[in-house]
Amino acid sequence: MTTPADSDFDYIVIGAGSTGAVVANRLATDGDKKVLLLEAGPPDSNIWIHIPIGYYRNILDPVLSWNYQTEPEPLTGNRAITWPRGRTLGGSSAINGLVYIRGQREDFALWQQLGAQQWGWEDVLPWFKKSEKFHLGADEFHGGDGPLEVTESMHSELADAYISACEQAGIPRNTDVNGADQEGAGYFQLTVTKNGRRASTGYAYLKPVRQHRNLTIATNALATKILFEGKRAVGVRYQQAGKDIEAHAREEVIVSGGAINSPQLLQLSGVGPAELLKQHDIPLVHALPGVGENLQDHYQIRLVYECTRPITLNDLSHSLPKKILAGLQYGLTRKGPLTLGAGQVGVFAKTREELETPDVQFHFIPFSAARPGEGLHKFPGFTVSVCQLRPASRGSVRIKSADPTMHPAIKPEYLTGAGDEQTMLDGLKLVRKVAESDAIRPYTQKEFIPGAEKTSDNDLLEYIRHYGNTIFHPSGTCRMGTDENAVVDEQLRVHGVTGLRVADASIMPTVLSGNTNAGCIMIGERLSAFLLEN
Numbered sequence: 052m053t054t055p056a057d058s059d060f061d062y063i064v065i066g067a068g069s070t071g072a073v074v075a076n077r078l079a080t081d082g083d084k085k086v087l088l089l090e091a092g093p094p095d096s097n098i099w100i101h102i103p104i105g106y107y108r109n110i111l112d113p114v115l116s117w118n119y120q121t122e123p124e125p126l127t128g129n130r131a132i133t134w135p136r137g138r139t140l141g142g143s144s145a146i147n148g149l150v151y152i153r154g155q156r157e158d159f160a161l162w163q164q165l166g167a168q169q170w171g172w173e174d175v176l177p178w179f180k181k182s183e184k185f186h187l188g189a190d191e192f193h194g195g196d197g198p199l200e201v202t203e204s205m206h207s208e209l210a211d212a213y214i215s216a217c218e219q220a221g222i223p224r225n226t227d228v229n230g231a232d233q234e235g236a237g238y239f240q241l242t243v244t245k246n247g248r249r250a251s252t253g254y255a256y257l258k259p260v261r262q263h264r265n266l267t268i269a270t271n272a273l274a275t276k277i278l279f280e281g282k283r284a285v286g287v288r289y290q291q292a293g294k295d296i297e298a299h300a301r302e303e304v305i306v307s308g309g310a311i312n313s314p315q316l317l318q319l320s321g322v323g324p325a326e327l328l329k330q331h332d333i334p335l336v337h338a339l340p341g342v343g344e345n346l347q348d349h350y351q352i353r354l355v356y357e358c359t360r361p362i363t364l365n366d367l368s369h370s371l372p373k374k375i376l377a378g379l380q381y382g383l384t385r386k387g388p389l390t391l392g393a394g395q396v397g398v399f400a401k402t403r404e405e406l407e408t409p410d411v412q413f414h415f416i417p418f419s420a421a422r423p424g425e426g427l428h429k430f431p432g433f434t435v436s437v438c439q440l441r442p443a444s445r446g447s448v449r450i451k452s453a454d455p456t457m458h459p460a461i462k463p464e465y466l467t468g469a470g471d472e473q474t475m476l477d478g479l480k481l482v483r484k485v486a487e488s489d490a491i492r493p494y495t496q497k498e499f500i501p502g503a504e505k506t507s508d509n510d511l512l513e514y515i516r517h518y519g520n521t522i523f524h525p526s527g528t529c530r531m532g533t534d535e536n537a538v539v540d541e542q543l544r545v546h547g548v549t550g551l552r553v554a555d556a557s558i559m560p561t562v563l564s565g566n567t568n569a570g571c572i573m574i575g576e577r578l579s580a581f582l583l584e585n
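Okay, here's the thing in structure tokens:
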């Protein structure tokens with residue numbers, strides 16, 4: 052934990068996650084600007100952060116994750132669904148499943164249609180490439196000398212069979228889902244170094260500059276309020292070691308808390324829906340009705356299969372000799388099953404032929420459990436999760452109190468959008484179609500979850516509603532745009548005030564078609580360029 056000796060800085064960045072770490076690095080290393088980076092969680096010293104498979108241990112660790120709970124909603128069985136979000140250096144990039152996906156170029160065309168004219172595919176691709184150190188080197192779509200190492204997931208017999216099964220089911224093979232076209236089945240690209248280490252933004256962007264004279268990093272420092280003089284942001288109040296501390300920004304405050312924390316902090320600071328702030332006796336700085344609205348996430352359902360052969364991580368986790376061998380392999384070669392992420396094979400597919408782009412994504416994982424984060428099954432098993440890439444549902448994040456330590460009310464409104472349930476149902480059926488292919492049949496004993504006996508649409512919809520979960524991609528709650536419900540402009544400046552920007556998944560007008568970590572890192576690179584140009 053660092054407590055700054057000085058209280059005056061040029062920039063204050065709130066949140067050392069996928070975006071904030073990038074911004075802090077770029078600002079501190081360009082010129083003589085003093086930067087304070089505030090992180091609510093601890094340093095990233097937990098060894099399992101840096102071992103890729105460790106995500107399964109850490110994603111629900113209350114020391115490293117906020118572990119938010121959604122409000123119960125009728126279409127998802129009135130369940131409170133746990134939403135882990137990272138709270139350590141690197142943020143969610145330190146506890147996520149490591150999958151590196153940029154989305155579809157059509158996502159960014161839609162952003163332009165929604166008012167973000169400077170965020171088309173041709174605008175953002177250079178910033179994806181700037182961040183990336185691709186394991187095969189630079190090409191038209193990949194960067195070769197950025198801070199963030201991106202490698203391909205470990206290959207295996209079972210994963211090869213699954214890719215072939217997808218081909219037999221009519222889904223093309225794709226060796227680079229971050230290349231010219233996203234559609235198809237292939238090995239995921241992961242934020243894992245060639246040495247088998249997790250490439251979080253804490254590791255890629257902060258570790259090289261932690262001792263830089265221009266950068267001060269304060270951990271276990273919870274931002275509680277943005278300080279304003281009139282409508283200009285001039286600093287931040289935060290809690291650290293039981294004390295309230297104020298820091299002042301000569302130039303700008305950048306909020307990078309993520310899709311939950313960022314709108315929460317704006318609301319606590321007097322920027323947000325006027326009625327909500329009045330309800331909690333928070334003085335209004337500027338009325339912005341869109342703060343906390345437009346929440347989007349990818350809802351996933353899982354199909355679990357019993358495998359005919361002892362070649363899954365289930366077998367490894369219940370065998371001491373196999374665990375020792377895997378540990379030795381990782382320790383000596385930095386390869387093997389300990390380098391796996393939350394998906395080994397990625398599939399982007401269309402549930403209807405007339406669609407122009409994929410509308411569902413599969414994560415093939417060579418292990419299984421009753422629920423995410425629980426102990427693995429004792430039988431050999433693998434999991435295929437499916438999520439809808441472009442949900443129509445829109446939810447909200449709203450404070451419950453003026454107490455900054457109280458979690459906000461999170462209402463995802465899963466499955467309420469037109470066509471959402473049908474797309475999930477069609478996606479589940481497509482997973483089953485792949486499972487019937489000749490290439491995977493020799494490896495499949497039976498469908499364990501939800502079970503082959505569930506065949507009617509009603510039964511499957513009940514399963515979707517009662518057993519679906521987040522796939523950890525909340526977005527959109529401080530969205531970029533020009534209309535009355537937008538929160539930030541194209542340079543991520545908060546409408547109606549000065550000296551304040553937001554940069555993280557919350558500014559996405561629509562959630563990207565795929566995992567969101569790569570997009571958040573790109574946003575950090577883009578904002579850094581805006582700030583340095585100015």
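Taken in order, the sequence shown gives residues 52 to 585; the numbers are from the working numbering.
Note that CB positions come from ideal geometry on N, CA and C, so glycine has one too.
These numbers come from a predicted model, not from an experiment.
For the alpha helix (DSSP H) containing residue i, list its first residue and its last residue.
i, result
"residue 310", "309-319"
"residue 227", "Where residue 227 is concerned, there is no enclosing alpha helix (DSSP H), given that its DSSP letter is neither H nor E."
"residue 486", "471-486"
"residue 570", "568-584"
"residue 381", "371-384"
On the CB-based measure, 16 or more other CB atoms within 10 Å of its CB, does residue i come out buried or exposed?
i, result
"residue 164", "exposed"
"residue 508", "exposed"
"residue 496", "exposed"
"residue 347", "buried"
"residue 560", "buried"
"residue 372", "exposed"
"residue 114", "exposed"
"residue 351", "buried"
"residue 205", "buried"
"residue 280", "exposed"
"residue 315", "buried"
"residue 52", "Confidence in residue 52 is poor, its pLDDT being 49 and thus under 50, which makes the residue's placement unreliable; the coordinate value appears in the next sentence. Exposed is the call here."
"residue 210", "buried"
"residue 332", "exposed"
"residue 534", "exposed"
"residue 255", "buried"
"residue 244", "buried"
"residue 68", "buried"
Give every residue of the same chain whose Cβ lies closer than 7 Å to the Cβ of residue i, excluding the five residues on either side of it in the sequence, and list them in chain order.
i, result
"residue 81", "583"
"residue 537", "166, 341, 530, 531, 546"
"residue 410", "401, 402, 439, 440, 441, 474"
"residue 183", "193, 194, 197, 199, 201"
"residue 428", "365, 419, 420"
Using a Cβ-Cβ cutoff of less than 6 Å, which residues in the same chain neighbour residue i once the five nearest sequence positions on both sides are dropped?
i, result
"residue 101", "248, 249"
"residue 189", "195"
"residue 501", "514"
"residue 455", "275, 319"
"residue 354", "435, 482"
"residue 153", "179, 229, 569"
"residue 234", "399, 409"
"residue 70", "307, 554, 555, 571, 574, 575"
Give the DSSP bridge partners of residue i, in chain order.
i, result
"residue 397", "237, 414"
"residue 139", "Per DSSP, none; premise fails for residue 139."
"residue 274", "289"
"residue 158", "None, per the DSSP bridge assignment."
"residue 420", "427"
"residue 337", "322"
"residue 59", "299"
Considering residue i, what are the terminal residues of the beta strand (DSSP E) in which it resides?
i, result
"residue 352", "350-358"
"residue 434", "432-439"
"residue 594", "Residue 594 lies beyond the residue range present for the chain, which begins at 52 and ends at 585; the question has no answer from this structure."
"residue 173", "No beta strand (DSSP E) contains residue 173, which is instead part of the alpha helix (DSSP H) from 172-182."
"residue 299", "294-306"
"residue 449", "446-449"
"residue 122", "Segment: none, residue 122 is in no beta strand (DSSP E) and carries neither H nor E."
"residue 203", "199-203"
"residue 365", "Counting along the chain, residue 365 falls outside any beta strand (DSSP E), though it belongs to the alpha helix (DSSP H) covering 364-368."
Apart from the five residues just before and just after residue i, which ones in its own chain have a Cβ nearer than 8 Å to its Cβ?
i, result
"residue 86", "60, 61, 62, 63, 64, 75, 78, 79, 265, 266, 267"
"residue 232", "225"
Cβ of residue i less than 7 Å from any chain C Cβ?
i, result
"residue 312", "Of the protein chains in the structure, only one exists, and it is not chain C."
(Q) Tell me whether the region 120-131 and the region 516-535 touch, counting them as touching only if at least three CB pairs, one residue from each stretch, are closer than 8 Å. (A) yes
Q. Looking at C-beta atoms only, is the number of pairs between the region 414-428 and the region 208-220 that lie closer than 8 Å three or more?
A. yes
**Q.** Any 3 or more C-beta pairs closer than 8 Å across the region 235-255 and the region 380-398
**A.** yes
Q. Counting pairs of Cβ atoms below 8 Å between the region 295-315 and the region 552-559, do you hit three or more?
A. yes
Q | Cβ contact check for the region 317-325 and the region 443-454: 3 or more pairs under 8 Å | A | yes
Q. Are at least three pairs of beta-carbons, each pair with one atom in the region 96-112 and one in the region 289-305, less than 8 Å apart?
A. no
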